[in-house]
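J.: Residue numbers (my numbering), protein chains in the order written: chain A, 1 to 288; chain P, 289 to 543; chain C, 544 to 709. We treat Cβ as the ideally placed atom computed from N, Cα and C, and that holds for glycine. Computed from a predicted structure; not experimentally measured.
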Amino acid sequence: MNPRVNDPTRSNQDARTPAAGNACVRIRGLRTVLNGKTIFDDVDLDIARGKITAIMGPSGTGKTTLLRHITGQLAADCGDIEVDGRHVAGLNRTQLFDLRERIGYLFQNSALLTDFSVFENVAFPLRQHLRLPEEIIRNIVLTRLQSVGLRGAAHLMPSELSGGMARRVALARAIVRDPDLMIYDEPFVGLDPIALNQILTLIRTLNDTLGVTSILVAHEFSAVRRIADHVVLIAGGKFVASGHPDVLARGESEWTRQFFGGEADGPVPFQYPARDYAAELGFAAGAR
Amino acid sequence: MNAPRRNMMLADALAQVGAVGLFMFSILAAVPKSLRHYRETVRQVWFVGAMSLVIIMTCGLFVGMVLSLQLYYVLTNFGGTAALGTVVALSMFRELGPVVTALLFAGRAGTSMTAEIGLMRATDQLSAMEMMAVDPMSYVVAPRFLAGILAMPLLVCIFNALGLLGAHLVGVSWLGLDNGTFWGNMTSTVEVWSDLLNGVWKSAAFGAVIALIATFQGYTTPPTSEGVAYATTRTVVSSAIVVLALDFVMTAFLM
Amino acid sequence: MTQPRRSFQVGTGLFILLGFAALTYLATQTTSIANYQQGDSYALKAKFSNIGQLKVRAPVKLAGVRIGSVQSITLDPQTLSAIVMIGIDKRFAEIPDDSAAAIFTSGLLGDQYVGIQPGGSPDMFKDGDEVILTQSSMQLEDLIGKFLVGGDTAKQGDQAKTDGSE
Ligand SMILES: Nc1ncnc2c1ncn2[C@@H]1O[C@H](COP(=O)(O)OP(=O)(O)O)[C@@H](O)[C@H]1O
Ligand SMILES: [Mg+2]
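1) Taking Gly-554 of chain C as the query, report the chain P residues whose CB atoms sit under 8 Å from its CB, ordered along the chain.
2) For Thr-114 of chain A, go through chain P and note every residue whose CB falls closer than 9 Å to its CB, in chain order.
3) Between Gln-73 of chain A and ligand 2, is there a pair consisting of the residue's CB and a ligand heavy atom that are separated by less than 6 Å?
4) Straight-line CA distance for Ile-39 of chain A to Thr-411 of chain P?
5) Please give the ranges of any alpha helix (DSSP H) in the region 24-91 of chain A, keeping only runs that are unbroken, at least 4 residues long and fully inside the region.
6) State the Cα-Cα distance for the pair Pro-158 of chain A and Glu-82 of chain A, rounded to the nearest angstrom.
7) Quick one, are the C-beta atoms of Val-599 of chain C and Ser-476 of chain P less than 7 Å apart?
8) Check whether the Cβ of His-69 of chain A lies closer than 7 Å to any Cβ atom in chain P.
9) Is there contact between the region 357-367 of chain P and the region 477-486 of chain P, where contact requires at least three CB pairs shorter than 8 Å?
10) Ligand 1 heavy atoms versus the CB of Lys-63 of chain A: any closer than 6 Å?
11) With DSSP run on the structure shown, which of helix, strand or coil describes Ala-697 of chain C?
12) Under 7 Å Cβ-Cβ, which residues of chain C neighbour Cys-347 of chain P?
13) Could you tell me whether the Cβ of Lys-598 of chain C comes closer than 7 Å to any Cβ of chain P?
14) Against Phe-119 of chain A, what residues of chain P qualify as contacts under a CB-to-CB distance less than 9 Å, listed in chain order?
15) Return the residues of the region 420-451 of chain P that lie within a Cβ-Cβ distance of less than 9 Å from chain A, sorted by chain order.
16) Does Ala-318 of chain P get closer than 7 Å to chain A when you measure Cβ to Cβ?
17) For a contact defined as C-beta to C-beta under 9 Å, what are the partners of Ala-377 of chain P on chain C?
18) Evaluate contact between the region 118-129 of chain A and the region 201-212 of chain A, counting only Cβ atoms and requiring at least three cross-stretch pairs below 8 Å.
19) In the DSSP assignment, what are the bridge partners of Leu-605 of chain C?
20) Leaving out five residues on either side along the sequence, give the residues of the same chain with a beta carbon under 6 Å from the beta carbon of Leu-676 of chain C.
21) Tell me whether Leu-391 of chain P is buried or exposed, calling it buried when 16 or more other Cβ atoms sit within 10 Å of its Cβ.
22) For Ala-691 of chain C, name the three-state secondary structure that DSSP assigns.
23) Measuring CB to CB, does Ile-631 of chain C end up less than 7 Å from Leu-597 of chain C?
24) Using a Cβ cut-off of 7 Å (strictly closer), state whether Ala-370 of chain P contacts chain C.
25) Using alpha carbons as the reference points, say which of P:Gln-413, P:Arg-432 and P:Leu-453 lies closest to Thr-346 of chain P.
26) Is there a C-beta anywhere in chain P that falls below 7 Å from the one on Arg-250 of chain A?
27) Does any C-beta atom of chain A lie closer than 7 Å to the C-beta of Ala-390 of chain P?
28) Return helix, strand or coil for Gly-190 of chain A, following the three-state DSSP convention.
29) For ligand 1, I want to know if Ser-110 of chain A counts as a neighbour, meaning its beta carbon is within less than 6 Å of at least one of the ligand's heavy atoms.
30) If we cut at 7 Å on Cβ distances, does Ala-111 of chain A have a partner in chain P?
31) Can you find a C-beta in chain C that's less than 7 Å from the C-beta of Met-289 of chain P?
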């Protein structure tokens, strides 16, 4: 075990243990401060190749920020991030775009292009980067839409979709070029149980059949538990627990107990950092 | 307002101008790549050009009509109504056409550029493009910039043509000036290069400036709905000021 | 490409065509380029000692009706007078060849035009004929000069001097 991961509350598995020699994403000494708020405080993380790694944590802890660091959308203040052996911070724009062509990214808010129909949204990455005959594009796009259950919605505009449908279209778009690394930012939000089941199966299938490395940010532990190989729990700028979902579910540390039990009190504060409640409402003696 | 505050504002304004300048360079750098997405430019010409036709044509017609009417009353005092066509054509071609079209263009097309790009920013569409290895500068911004440069001169020509039609309607059909005199005087005075095309070049510059301001405001807007709303307002205000100032500079020093 | 993209392209093409059509129209019909083209007409030549503000493309009128336009204005180096080439519409072919041409002004400061006063000859003008009888433009300065001296042309020189001292 690496002595640098010195969090006393960490669970029985180090965040970096699974296949440390074969990591697809390797993060070392990451430090990020946004608007004076420390999001990451010297953290290390390895994401195993060909596995599904779930990142969980209270909202606003920086899960999306972490994904933005990994994909080079946001530069870290400190630390080193390697994706597939390449240092993200050192890449120029062309190299970064080359890297991103092999990454599928599902945005937290779908981010469909509002000018284009569902079909054109899914076809967009193909049209931009490959000179394919129209018929082949059609086949690929319809296959992807079929796999998320929305082939019939190909002609709709994004404004005509519900949140869950938009999420599934965005998923189809993210996987349309068969990426090596898939990043899902909260893919289950707004999905009905049937769609959820299908999407879980899809994510698992992509991994099993194509060997895709997946990073999955989600809040639904029950869903995560069914597909993730490894779970990392972020809170307060640190990775506070990590391990196989079944191990974490046993709740051996207070972090996992609180987070998966959904309790307001515990090491993860439910409240955003604030002044004393009573003082702010003017009840306390020293308030004014 | 006290002095340090004023200095702050001056510094902010300069920083803004600098940012716009840098933005312009990155657009120009993105233009070659954007030619690969020429369809996007074509689509933008449709949106900013063809979709502005109704307002441009209506306004052109009315500007020509009212100009004709006003000038008729002024020129009758000198017995110079024969010059009506000439004066209308010269003032439309050289000034009113480019400037009024530019102001209308800023209100119609500039605002929609800002709102569109701002909304794309707010809904992560620009980030999504970046993640799909598509440069928003060359896919979103540069086509709109090119469309602005392309559409404005065409709109000005249409505006001017409708303006002359309006002037002719009022001057000849209504007020009874001689048709031959109306056109004859015009054609003997108005020059293609120094009058007509002069205004067309100017309008291309206005189109570039408006598209630059509009895309800059959209691209750099805070990703919230009121951020987009403020950016849209700023587009109209700054475009109007910059167009009129640029008009003066170009007319005084280049024409 | 798919259907919507195609319709954008067609619409954009139409818009660009419309813009260029407007530009072509403005350039050829409202500017000096328009003077280089002419309709179906026949040419007459007229010499004037002074054409005043007469311009190319100025109307040519007979009895107040426009029958043609001025095609070109040049200077005759021998006689040092202006040669005005006039294009008359083919529809007005029946103009007696002893008709006179004069340069008039519409209004006080208005533009000038060529007026034709018909004569009584049985022969008509043919293409390339010269209008022999011409009357030059009435110069505004001359008019004002005459008006100031009360029409007394004999003593014009003296009067002009005394006017200055009064
Ligand atoms: N562009 C930004 N500027 C400043 N602060 C930001 C920015 N983006 C996110 N943050 C802050 O960073 C924190 C983490 O955000 P995020 O990564 O989106 O959280 P989540 O874990 O819910 O995905 C939040 O507290 C947010 O306020
Ligand atoms: Mg998030």
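T.: This is what the structure gives:
1) Trp-334 and Ala-338
2) Glu-404, Leu-407, Met-408, Thr-411 and Gln-413
3) no
4) 23 Å
5) 63-70
6) 35 Å
7) yes
8) no
9) no
10) yes
11) Here the model assigns Ala-697 of chain C a pLDDT of 46, short of 50, so the residue's position is not dependable, and the following value carries that caveat. Three-state DSSP puts Ala-697 of chain C in coil, outside helix and strand.
12) Within 7 Å Cβ-Cβ: nothing; Cys-347 of chain P doesn't reach chain C, min ~15 Å.
13) yes
14) The premise fails here: Phe-119 of chain A is roughly 16 Å from chain P at the closest Cβ pair, so nothing lies under 9 Å.
15) Met-420, Ala-421, Val-422, Asp-423 and Tyr-427
16) no
17) Leu-569, Thr-573 and Thr-574
18) no
19) C:Val-608 and C:Ile-659
20) Ala-643
21) buried
22) Note that residue 691 of chain C is Leu in the sequence shown here, rather than Ala. Leu-691 of chain C falls in the helix class under three-state DSSP.
23) no
24) yes
25) P:Leu-453
26) no
27) no
28) coil
29) no
30) yes
31) For Met-289 of chain P, the pLDDT reaches just 48, beneath the cut-off of 50, and the residue's location in the model is therefore unreliable, although a value from the coordinates is still provided. So, not an interface residue.
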